[in-house]
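Everything on this sheet refers to the single structure shown next.
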Amino acid sequence: MVIAAVLALAVGTYAFRLSGVILGDRLEVPDALRRILMIAAATLLAALAATAALTEAGHYAGVARPVGVLVGAVLAWRRAPFIVVVLAAALTAAGLRLLGVP
Amino acid sequence: MRSAIRTTDRSVLRVVLALAAAVVAVGVSFGAIAVAAGLPGWLVSLSSVLVFAGGAQFLAVGLIAAGNPLAAVAGGLLLNARHVPFGLAIAEAVGGGWGARLLGSHLMVDESVAVALAQPNQAARRRAYWLTGAVLFVAWNVGTLLGILLGQRVGDPAALGLDAAFPAGLIALLLPNLRDRETRRVAVAGAAVAVLATPLLPAGLPVLLGLIALVLLAIPRREARW
Chain E
556 MVIAAVLALA VGTYAFRLSG VILGDRLEVP DALRRILMIA AATLLAALAA TAALTEAGHY
616 AGVARPVGVL VGAVLAWRRA PFIVVVLAAA LTAAGLRLLG VP
Chain B
703 MRSAIRTTDR SVLRVVLALA AAVVAVGVSF GAIAVAAGLP GWLVSLSSVL VFAGGAQFLA
763 VGLIAAGNPL AAVAGGLLLN ARHVPFGLAI AEAVGGGWGA RLLGSHLMVD ESVAVALAQP
823 NQAARRRAYW LTGAVLFVAW NVGTLLGILL GQRVGDPAAL GLDAAFPAGL IALLLPNLRD
883 RETRRVAVAG AAVAVLATPL LPAGLPVLLG LIALVLLAIP RREARW
């Protein structure tokens with residue numbers, strides 16, 4: 556089932572990529588639609604980030620993870636390098652757990 | 703981003719190498735997180751070769767780990783639908799023959815499209831597209847492999863805080879888009895909907911339900927103009 560999901564995603568993604576290239580000289584996409592697709596992509600990723608930060612298997616997650624993510628998000632907002640953001644989030648969560656915070 | 707990379711070939715190379723370093727870092731976190739989520743290493747690596755779309759792969763792993771592979775496919779494809787307009791915009795740069803189209807299409811990612819579109823003429827656009835796409839394909843797959851190896855060495859991902867690294871990394875990737883006001887409004891509303899719906903709905907659906915914010919906030923303001 557998981558293998559089929561990965562393959563379906565691969566085939567569908569490639570079909571999207573190729574179809575645009577083939578239709579390239581015959582079709583004009585309205586700028587408004589292009590922008591809607593960009594906003595849809597950002598919204599899906601934001602929803603994923605929020606649920607991954609705050610929930611765990613249908614329940615709300617503990618404290619350590621959301622605080623770690625918050626530290627990473629603040630660093631990202633201040634334009635810290637990607638690797639710093641990820642490491643700071645992980646180390647914060649790991650450190651809090653070491654101190655016994657759930 | 704587009705105006706920042708309006709440059710000659712030499713500085714294209716500099717931009718591509720900087721992008722590659724970032725993509726390796728993202729790939730490492732993707733590989734480690736996917737393995738930590740319980741996916742077999744070979745399948746994670748195969749997905750980076752065949753899908754080659756970081757955002758969709760992160761989304762898919764999150765939803766597969768949540769137990770909903772159908773939502774993983776639906777969400778991933780929704781995310782990747784933006785490649786259709788990308789392809790329309792970049793068709794010339796990919797090339798005319800079928801060989802170039804079939805191979806070049808697979809190298810289409812946000813960065814290769816953006817770098818190519820920033821070039822002053824068609825020859826430069828074609829070189830920039832293929833260079834960026836090829837380098838980032840290698841970077842993404844090398845990063846994924848390193849992440850898989852890292853993830854397999856680490857027993858409990860929570861002890862290392864890997865569960866916090868994933869959303870933080872996603873937010874870092876998203877932030878350039880969120881500096882746009884309308885995108886930020888819709889994305890934050892969608893995220894709130896998804897979180898509030900999580901205790902109520904089966905795994906995977908809350909993230910897709912977040913798109914309701916798009917329907918409510920972004921589309922109505924445009925209908926007049928369509």
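First to last, the sequence lines map onto chains E and B.
Mapping of the first sequence onto my numbering: residues 556 to 657, in sequence order.
Mapping of the second sequence onto my numbering: residues 703 to 928, in sequence order.
Where is the CB? At the ideal position from N, CA and C, for every residue including glycine.
Bear in mind that the values here come from a model prediction, so they are computed numbers and not experimental data.
Buried versus exposed, by CB contacts within 10 Å (16 or more), residue i
i               : result
A559 of chain E : exposed
S713 of chain B : exposed
V753 of chain B : buried
G806 of chain B : buried
H614 of chain E : exposed
P901 of chain B : exposed
Own chain partners of residue i with C-beta closer than 6 Å, once the 5 adjacent residues on each side are dropped
i               : result
R827 of chain B : A795, A818 and Q821
L916 of chain B : V888
L721 of chain B : E813
H808 of chain B : none
L852 of chain B : A734
W928 of chain B : Since pLDDT at W928 of chain B reaches only 48, below the 50 mark, its modelled position is unreliable, and the value read off the structure follows with that caveat. Counting only Cβ-Cβ distances below 6 Å, and skipping sequence neighbours, we find nothing.
V730 of chain B : G845, L848 and G849
Check whether residue i and residue j have beta carbons under 8 Å apart
i               : j               : result
G575 of chain E : G757 of chain B : no
L919 of chain B : L600 of chain E : no
G783 of chain B : L592 of chain E : In the sequence as presented, Gly is not what sits at residue 783 of chain B; that position holds Ala. Result yes, Cβ atoms of A783 of chain B and L592 of chain E sit closer than 8 Å.
L847 of chain B : S747 of chain B : yes
A607 of chain E : G743 of chain B : no
L779 of chain B : G567 of chain E : yes
L877 of chain B : W632 of chain E : yes
G627 of chain E : A874 of chain B : yes
L741 of chain B : V622 of chain E : no
N843 of chain B : V751 of chain B : yes
V718 of chain B : T834 of chain B : yes
V561 of chain E : L772 of chain B : no
E884 of chain B : I594 of chain E : yes
Residue i Cβ short of 7 Å to the ligand NAD heavy atom set
i               : result
R887 of chain B : By its list of ligands, the structure shown contains no ligand whatsoever, and the ligand NAD lies outside what it can speak to.
Contacts around residue i, its chain only, beta-carbon distance under 7 Å, and the 5 residues preceding and following it disregarded
i               : result
A619 of chain E : A648, L651, R652, V656 and P657
F760 of chain B : F732 and L872
A830 of chain B : V714, V817, A818 and Q821
L913 of chain B : G892
A899 of chain B : P908 and L911
F839 of chain B : F754 and L809
Supposed close pair residue i, residue j - CB separation, criterion 8 Å
i               : j               : result
V639 of chain E : A870 of chain B : Between A870 of chain B and V639 of chain E the Cβ distance is about 10 Å, and since that is not below 8 Å, they are no contact.
V726 of chain B : A894 of chain B : Not quite, the Cβ-Cβ distance comes to about 33 Å (not below 8 Å), so this is no contact.
A946 of chain B : A605 of chain E : This structure leaves residue 946 of chain B out entirely; chain B is present only between 703 and 928.
G863 of chain B : A644 of chain E : 7 Å
R589 of chain E : H785 of chain B : In fact, because the Cβ distance is near 12 Å, the residues do not count as touching under 8 Å.
R855 of chain B : A587 of chain E : Not quite, the Cβ-Cβ distance comes to about 48 Å (not below 8 Å), so this is no contact.
V815 of chain B : A791 of chain B : 7 Å
V728 of chain B : G845 of chain B : 7 Å
Cut-off 8 Å between Cβ atoms - residues of its own chain near residue i, not counting five sequence neighbours on either side
i               : result
L781 of chain B : A755, G757, A758 and L761
A866 of chain B : none
A768 of chain B : A905 and G906
CB contact check: residue i to chain D, cutoff 8 Å
i               : result
V737 of chain B : Here chain D cannot be found, since the structure's protein chains are E and B.
**Asked** Mind pulling the alpha helix (DSSP H) runs of 4 or more residues that sit fully within the segment 829-910 of chain B?
**Response** 864-880 and 883-899
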